[in-house]
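Chemist: Residue numbers (the numbering used here): 60 to 145.
A single structure is presented below for examination.
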Ligand SMILES: [Zn+2]
């Protein structure tokens, strides 16, 4: 785990946004090739979603990997195994 994932930098610019990275997939619902993967924060916690950008059909929802740098305030112990006490 790199230090950059533990020490988030202050935001710069007038607006805060996430980068929607295009992926080489086709939407099974509308057939569009405009599919992107990007971070979200929803009711089950931080996730990476792959969604069609034309109809917003959700192709997948993944747990973020270390390379995703999401969330930026990721805990240093996030990947540690839990004990029976939690
Ligand atoms: Zn679609």
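Ideal Cβ placement from N, Cα and C applies to all residues, glycine included.
It should be emphasised that the depicted structure is a prediction, and the values quoted were computed from it without experimental measurement.
So within the segment 101-131, which uninterrupted alpha helix (DSSP H) runs reach at least 4 residues, ignoring any that extend past its ends?
Modeler: Correct list: empty.
Chemist: Around ligand 1, which residues pass a check of Cβ closer than 6 Å to any of its heavy atoms?
Modeler: Going by the Cβ distance cut-off, the answer is 86, 88, 89, 91, 111, 113, 114, 116.
Chemist: Evaluate residue 89 with the Cβ neighbour count: other Cβ atoms within 10 Å of its Cβ, from every protein chain shown; 16 or more gives buried, anything less gives exposed.
Modeler: Answer is exposed; the Cβ neighbour count stays below 16.
Chemist: Considering only the beta carbon of each residue, do residue 95 and residue 112 sit closer than 7 Å?
Modeler: Against a cut-off of 7 Å, the Cβ pair of residue 112 and residue 95 comes out as a contact.
Chemist: Skipping 5 residues on each side, what residues in its chain have a beta carbon closer than 8 Å to that of residue 119?
Modeler: Same-chain partners within the cutoff: 108, 109.
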